[in-house]
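In my numbering, the protein residues as written are 1099 to 1555. For each residue, glycine too, the CB sits at the ideal point set by N, CA and C. Since the structure comes first, as structure tokens, the remarks are kept for the end.
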Amino acid sequence: MIRQLVLGSLCIGALIGPGGDALANGRPPQTSTISFRKGMENQIAAGTAFGLLRSNDNGATWHWVCEDAIGYGGMYDPDYIYASTGTLLATTFDGVVVNRDGCTFEKSSLSPAPPSTDIKFFSTITQGPDNAILAAAADPLDGKIYKSTDDGVTWPTTSTAGQLNDWWSSIEVAPSNAMRVYLSGYRFVPNPDTDAGGNIKEFLLFSSTNGGASWTALPVTGFATRSNSVIEIVGIGKTNSDLVFAKVTLSDNAISDTLYRSVNGGATWTPILTKQGAISFIVRGNGDLVAATQSVGSFRSTNNGTDWMELVNAPHINCLSEKADGELWACTQNYGIPQVPPDGFGIMKTTDLVTWTGVLKFQEIQGPLACAVGTEQKDTCDEVLWCGLCAQLGCDPKRECPMVMVDAPPDAGEIGSGSKPGCCETTGSDTAPGALALVAAVGMVLLRSRRRPRRVC
């Protein structure tokens, strides 16, 4: 699986060309996830196409952690869990990793113990209202669901829903009932059409009524899927654990997503919205639904998806997250790409779905997260990578940097001309940074931001 991810990244990097690094591993620099620390939501972890950004002051300032310090790279976007204790967990190429001191991500006890160098891959992770963490292994040697009640120190509870080499695309816990869990995924099976041959995708859906100790298979016949589709559980009712929302990605096998609703715990499903683009979805604390896209609008429903109203002047959204006080945060377009105009910010927020306020501007990142010598964060992110990234983003490195040759953002003037110290001299333009025009070569593929990789068979 990891080899396929790496090869896929290399292929796209080759398509984009030498400027690929300026496009955040073959993608435009953009935010992919927003995670608030439970109980202390002024502390935020935002996943991006170029690493992780952390804020301890409700988004007023941000500091960068590079991918190397976390343990992943390429086109992959980790799942993050920000626990109430301050522990940050992430799904990476090294399995589930845990950060407890702010600087060092270490393999969790889910990884094989030394001297073994084996890697066990976990495709999705979530946290319930009781703070228990569930992680789903998607590995040729392990397909179990693991549960921790001590912030990932130990994982004593395991269960089996499917079989080895199943791919789990989502796992979600009901906000009102920690015992109610939903799990979705797929496996590849031989094509029953022997003349056609090959393998086909078989979709999987399960529920648990005992916190993930055991699982019951649910029907998937209510979903209209195609060969490229994935079924993801994207929301559960805030007060009703039988009210479940799922998304079928690429429901037309090309660019569209379709949302579904179940009112009986996944026994039956009804389509409620289809858009020609990737849909980000959230069930808000007040029960409203928001479905957002980067390029074809964003929408609100006050009756569980029966009717939808388009939001006026919404930014171009590819992720949604809500704070306990009802403030809605969104991943937005800092620079824009040929198919999507810029919003001027990588994260924006709203309290009324009418007025949106910018929170994170990539050009204003303060610098790399400060850590001790000997850590990957200090030795690699800070000492080696920061100046180059800053030049690409158009930010102020706040240090002397060697000359870094990058393509200048349009209308940004020359970079690194020598009139000021640092490699990131720029006029502060909000337009896309170096080599961004090359994104057109990959077309609409880059519009479909994915938190998790797809298995290829």
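Query: Which residues bound the beta strand (DSSP E) around residue 1484?; Result: From DSSP, residue 1484 is part of no beta strand (DSSP E) but of the alpha helix (DSSP H) over 1484-1491.
Query: Apply the 10 Å Cβ neighbour rule to residue 1214 and answer buried if 16 or more other Cβ atoms are within range, or exposed otherwise.; Result: exposed
Query: Among 1456, 1184, 1469, 1338, which has the Cα closest to the Cα of residue 1159?; Result: 1456
Query: Identify the continuous alpha helix (DSSP H) that holds residue 1167 and give its terminal residues.; Result: 1165-1168
Query: How would you write the range of the beta strand (DSSP E) that residue 1355 sits in, first residue to last?; Result: 1355-1360
Query: Report the rounded CA-to-CA distance for residue 1328 versus residue 1322, giving the unit in angstroms.; Result: 11 Å
Query: With 16 other CB atoms within 10 Å as the buried threshold, where does residue 1408 fall?; Result: exposed
Query: Considering Cα atoms alone, identify which of 1294, 1298, 1281, 1278 is closest to residue 1287.; Result: 1298
Query: Name the two residues that bound the continuous beta strand (DSSP E) containing residue 1306.; Result: 1297-1306
Query: Buried or exposed for residue 1506, going by 16 or more other Cβ atoms inside 10 Å?; Result: Legend: pLDDT at residue 1506 = 40, less than 50; position of this residue unreliable, value from coordinates given subsequently. The residue in question, residue 1506, is buried, as its Cβ has 16 or more Cβ neighbours within 10 Å.
Query: Assuming residue 1276 and residue 1309 form a contact by the criterion Cβ under 8 Å, report the distance between their Cβ atoms to the nearest whole angstrom.; Result: 6 Å
Query: Helix, strand or coil for residue 1460, going by three-state DSSP, please let me know.; Result: helix
Query: When we look at the beta-carbon of residue 1501 and count the other beta-carbons within 10 Å, is it buried (16 or more) or exposed?; Result: exposed
Query: Which runs of the beta strand (DSSP E) spanning at least 3 residues fall entirely within the region 1422-1451, listed in chain order?; Result: 1426-1429, 1445-1448
Query: Using alpha carbons as the reference points, say which of 1362, 1350, 1191, 1326 lies closest to residue 1305.; Result: 1362
Query: Determine the burial state of residue 1143: buried for a count of at least 16 other Cβ atoms within 10 Å of its Cβ, exposed for fewer.; Result: buried
Query: Tell me, which residues are paired with residue 1090 by DSSP?; Result: Residue 1090 falls outside the range modelled here, since the chain spans only 1099 to 1555, and no answer is possible.
Query: Does DSSP put residue 1204 in a helix, a strand or coil?; Result: strand
Query: Indicate whether the contact test is met: 3 or more Cβ pairs, each with one atom in the region 1400-1407 and one in the region 1463-1472, closer than 8 Å.; Result: no
Query: Should residue 1303 and residue 1318 be called a contact, given that it needs their Cβ atoms to be closer than 7 Å?; Result: yes
Query: Kindly indicate which three-state DSSP category residue 1455 falls into: helix, strand or coil?; Result: strand
Query: Under the rule that 16 or more other beta-carbon atoms within 10 Å means buried, what is residue 1459, buried or exposed?; Result: buried
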